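Trainee: Just dropping this structure here.
Right, here's the structure in full:
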């Protein structure tokens, strides 16, 4: 759709106009808007990624900023102004320790099976924990593992990324270090001294199914 | 409260900072915010009207703008971009039972008057049903019946035939075929069996109005 | 096992012993044996990668023994772990047996240490995750989302099957209409009288009753029966009124009639 103005009956709006259109769409929506949705709503021939880039730059250092959430974008208040927002704060349900750990394991190990979560935590995962996280729309089912029994796997959602202000699962804090230390594997690194798994699966998150739109 | 930094223990934030604070508050608020509310939420010594003025200027010509709502302020998408905020969704819905039956009677008995449709269905036909079918361009007015009152008749349209993939109304399966297909379950009155149905459906459409029942 | 009590790992460390006491009182607070092991490992105050698994096994077994002495119910998985650690401990203390198959005691110990380190890492990661700026707490979305105004265009649709079923429904409904006498196969006496009245005056000679049946009513037996009976009843009525004469020459012979002679 982008860069193909010749197949358009009408000329695409000028870049500045595209930018303010994207601005209006993102502003009006509380949920992140995917690039695909932007293209569907913008006039034909618009280049949403370019407009988003210019817009993100424009909002740098402002009270609102553009936040990338997977393949979507959202406008969010700057975190340093949280103290002004006490009025808007929504009381979220307090998660149990089991739920928080399970969430972290899904995020760092995704796609991960229930058995793997249990192996890492050393206890069985209660059904309620997984259900609560799914109900919060923070984890969802991924593709089935192609191993005997074809167990279901869990992956994190876009709402999870949005909630924690992550552009992608790669931005999880400490992900690189954990991977380098071999702590995202099922077995200890072969020799502990030089157990630097630099070639550890970088495509960990590509293996997860495409984000829903 | 404004312009009185001397009564503040702490120095008020610099103007640019006040501006982004107002920006974030207006963005996150569910309703327009009054100047009084702004002062109550901003750090001590802030000048909300001045910040609002700078913010309004900053958003001039952008996709979002500052708007006064009574004695309060809100951020709104620019009015000229309203077209981006609507999306035409096309929804397909199944026709109501009344409409289907009316349509079927027109198709099988055309040209047919409203009184005849009512006689066959056994209930009165609502104006809305006929209007809906005419609006959909599936039935249209035929010639007036040459009987007292010269009532209008209805016939099916080309669009109707196209939709149902029929080359002519004669392609509609006759009563006998309907029964063979299990669509007509009741047993017919004994004598009607010979006289009427043997030559269906061929003269079904010439034979109007329906004489039976 | 008794030896563990004598030279217990926490013998000369009062703080550690107090901590172990606290652990026991708190046994319900643990999320399984691995959680308990991790807590015990922390008391060694070393990098988890250098944790002494042998010492850890002793600590755990001591914990289980004390819990039993205090008659604290321990879940089965704590006891399974205890058995496994006792086995591991003995393997670690004995010189390796070259005949032995499977992973060495060192491998098993390394795996346990890895499991602890991995759990610890996930806990740290979880804490870091929860410490991030969170939506609705630190970062806020548009408070008054406009939403997409949807102008809905409805396309009505129906299939040929819908149409046929709809038609079938209207026709089937007829078949279930309230019962009325179905007169299509019946020739009533009124109709017979109606038919006979204008023509009877011209019947001079004796004529077979069957000749007076209406057209098309002499084929189907049911219809013929109805028409015959009605016509006969009508002739009786007319004979009573003196308008015609009837005769039947023999039993089951044809019934004949003629106009009454004045």
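Residue numbers (our numbering), protein chains in the order written: chain F, 1123 to 1335; chain W, 1123 to 1335; chain E, 8 to 269. All C-beta atoms, glycine included, are put in the ideal place defined by N, C-alpha and C. Computed from a predicted structure; not experimentally measured.
Quick test of your reading: residue 1191 of chain F and residue 1263 of chain F, contact by CB under 8 angstroms. State the CB separation rounded to the nearest angstrom.
Mentor: About 20 angstroms; that fails the 8 angstroms criterion.
Trainee: Determine which residues of the region 1258-1285 of chain F have a Cβ less than 7 angstroms from any Cβ of chain E, and write them out in chain order.
Mentor: If the cut-off is 7 angstroms between Cβ atoms, the region 1258-1285 of chain F has 1284 and 1285 near chain E.
Trainee: On the DSSP letters alone, give me the boundaries of the beta strand (DSSP E) that residue 1188 of chain W sits inside.
Mentor: Residues 1186-1191.
Trainee: Apart from the five residues just before and just after residue 81 of chain E, which ones in its own chain have a Cβ nearer than 6 angstroms to its Cβ?
Mentor: Once the five neighbours on either side are set aside, the close Cβ partners of residue 81 of chain E are 74.
Trainee: Using a Cβ-Cβ distance cut-off of 8 angstroms, determine whether residue 1150 of chain W contacts chain F.
Mentor: Closer than 8 angstroms to some Cβ of chain F, the Cβ of residue 1150 of chain W qualifies, so yes.
Trainee: Quick one: list the residues of chain W neighbouring residue 223 of chain E, beta-carbon separation under 8 angstroms, in chain order.
Mentor: Ordered by position in chain W, no residue passes the 8 angstroms Cβ test against residue 223 of chain E, which lies about 11 angstroms from the chain.
Trainee: Residues of chain E with a CB under 7 angstroms from the CB of residue 1226 of chain F: which are they?
Mentor: Those within 7 angstroms of residue 1226 of chain F in chain E are 129, 132, 133 and 136.
Trainee: Counting only the same chain and skipping the five closest in sequence on each side, list residues whose C-beta sits under 8 angstroms from that of residue 84 of chain E.
Mentor: Closer than 8 angstroms at Cβ, skipping near neighbours: 39 and 40.
Trainee: What does a CB cutoff of less than 6 angstroms around residue 1196 of chain W pick up in its chain, not counting 5 residues either side in sequence?
Mentor: For residue 1196 of chain W, where only same-chain residues beyond five positions count, the Cβ hits under 6 angstroms are 1154 and 1189.
Trainee: Grouping DSSP H, G and I as helix and E and B as strand, with all else coil, what is residue 21 of chain E?
Mentor: It is helical.
Trainee: With 8 angstroms as the limit, tell me which residues of the region 1187-1201 of chain W have their beta carbon closer than that to any beta carbon of chain F; keep them in chain order.
Mentor: From the region 1187-1201 of chain W, only 1197, 1199 and 1200 have a Cβ closer than 8 angstroms to chain F.
Trainee: To the nearest angstrom, report how far apart residue 1140 of chain F and residue 1169 of chain F are at their CA atoms.
Mentor: Computed Cα separation, rounded: 8 angstroms.
Trainee: Applying a beta-carbon distance threshold of less than 9 angstroms, which residues of chain E neighbour residue 1156 of chain W?
Mentor: What residue 1156 of chain W touches in chain E: nothing, since even the nearest Cβ is about 15 angstroms away.
Trainee: Going by beta-carbon coordinates alone, are residue 1274 of chain F and residue 1266 of chain F separated by less than 8 angstroms?
Mentor: Contact: yes.
Trainee: Output needed for residue 86 of chain E: all residues of its chain with C-beta closer than 8 angstroms, excluding positions within five of it in sequence on either side, in chain order.
Mentor: Closer than 8 angstroms at the Cβ level, and outside the excluded window around residue 86 of chain E, lie 71.
Trainee: So residue 1233 of chain W and residue 171 of chain E are supposed to be a Cβ contact under 8 angstroms. How far apart are they, rounded?
Mentor: Their Cβ separation, rounded to whole angstroms, is 20 angstroms, which puts residue 1233 of chain W and residue 171 of chain E out of contact at 8 angstroms.
Trainee: Can you check DSSP and say which residues form a bridge with residue 1156 of chain W?
Mentor: BP columns for residue 1156 of chain W point to W:1194.
Trainee: Could you tell me the boundaries of the alpha helix (DSSP H) in which residue 1179 of chain W lies?
Mentor: Its alpha helix (DSSP H) spans residues 1170-1180.
Trainee: Against chain E, with Cβ distances strictly below 8 angstroms, would residue 1291 of chain F count as a contact?
Mentor: Judged by the 8 angstroms Cβ criterion, residue 1291 of chain F is not in contact with chain E.
Trainee: Look at the alpha carbon of residue 1227 of chain F and the alpha carbon of residue 1235 of chain F, and state the distance between them as a whole number of angstroms.
Mentor: Spanning the two alpha carbons is a distance of roughly 10 angstroms.
Trainee: In whole angstroms, give me the CA-to-CA distance for residue 1225 of chain W and residue 1200 of chain F.
Mentor: Their Cα atoms are separated by approximately 60 angstroms.
Trainee: So with CB distances below 8 angstroms, who are the chain F contacts of residue 80 of chain E?
Mentor: Those do not exist, as residue 80 of chain E stays about 17 angstroms from chain F at its closest Cβ, beyond 8 angstroms.
Trainee: Output the boundary residues of the beta strand (DSSP E) element that contains residue 1262 of chain W.
Mentor: Start and end: 1261-1263.
Trainee: On a CA-only basis, which of E:42, E:165 and E:77 is nearest residue 1223 of chain W? Give me that one, please.
Mentor: Ranking E:42, E:165 and E:77 by Cα distance to residue 1223 of chain W puts E:165 first.
Trainee: Within the 8 angstroms Cβ cut-off, does residue 1133 of chain W reach chain F?
Mentor: Cβ-Cβ to chain F under 8 angstroms: no for residue 1133 of chain W.
Trainee: With 16 as the cutoff for other CB atoms within 10 Å, does residue 1205 of chain W come out buried or exposed?
Mentor: Exposed, since its Cβ has fewer than 16 Cβ neighbours within 10 Å.
Trainee: If you follow the alpha helix (DSSP H) that residue 1280 of chain F is in, where does it begin and where does it stop?
Mentor: Start and end: 1280-1285.
Trainee: Quick one: Cα of residue 1247 of chain F to Cα of residue 1241 of chain F, how far?
Mentor: Cα to Cα, the separation comes out at about 10 angstroms.
Trainee: Report the residue from E:45, E:78, E:177 and E:89 whose alpha carbon sits nearest the alpha carbon of residue 1230 of chain W.
Mentor: It is E:177 whose Cα lies nearest to the Cα of residue 1230 of chain W.
Trainee: When the cut-off is 8 angstroms and only beta carbons count, does residue 1307 of chain F lie next to chain W?
Mentor: Chain W, which has no Cβ nearer than 8 angstroms to the Cβ of residue 1307 of chain F, makes this no.
Trainee: From E:245, E:34 and E:213, pick the residue whose C-alpha is nearest to that of residue 78 of chain E; which is it?
Mentor: Selected option, being the one with the closest Cα: E:34.
Trainee: For residue 43 of chain E, I'd like the list of residues in its chain whose CB is within less than 6 angstroms of its CB, leaving aside the five on either flank, ordered along the chain.
Mentor: Excluding positions up to five away in sequence, the list reads 37.
Trainee: Between the Cα of residue 245 of chain E and those of E:133, E:197, E:224 and E:192, spot the shortest distance and give me the residue it belongs to.
Mentor: Ranking the options by Cα distance to residue 245 of chain E, first place goes to E:197.
Trainee: Residue 135 of chain E and residue 1287 of chain F: beta carbons closer than 8 angstroms?
Mentor: No, the Cβ-Cβ distance between residue 135 of chain E and residue 1287 of chain F is not below 8 angstroms.
Trainee: Roughly how many whole angstroms lie between the Cα atoms of residue 221 of chain E and residue 173 of chain E?
Mentor: Distance between the alpha carbons of residue 221 of chain E and residue 173 of chain E is about 39 angstroms.
Trainee: Assuming residue 263 of chain E is part of the beta strand (DSSP E), what are its boundary residues?
Mentor: 262-266 is the span of the beta strand (DSSP E), which, as asked, contains residue 263 of chain E.
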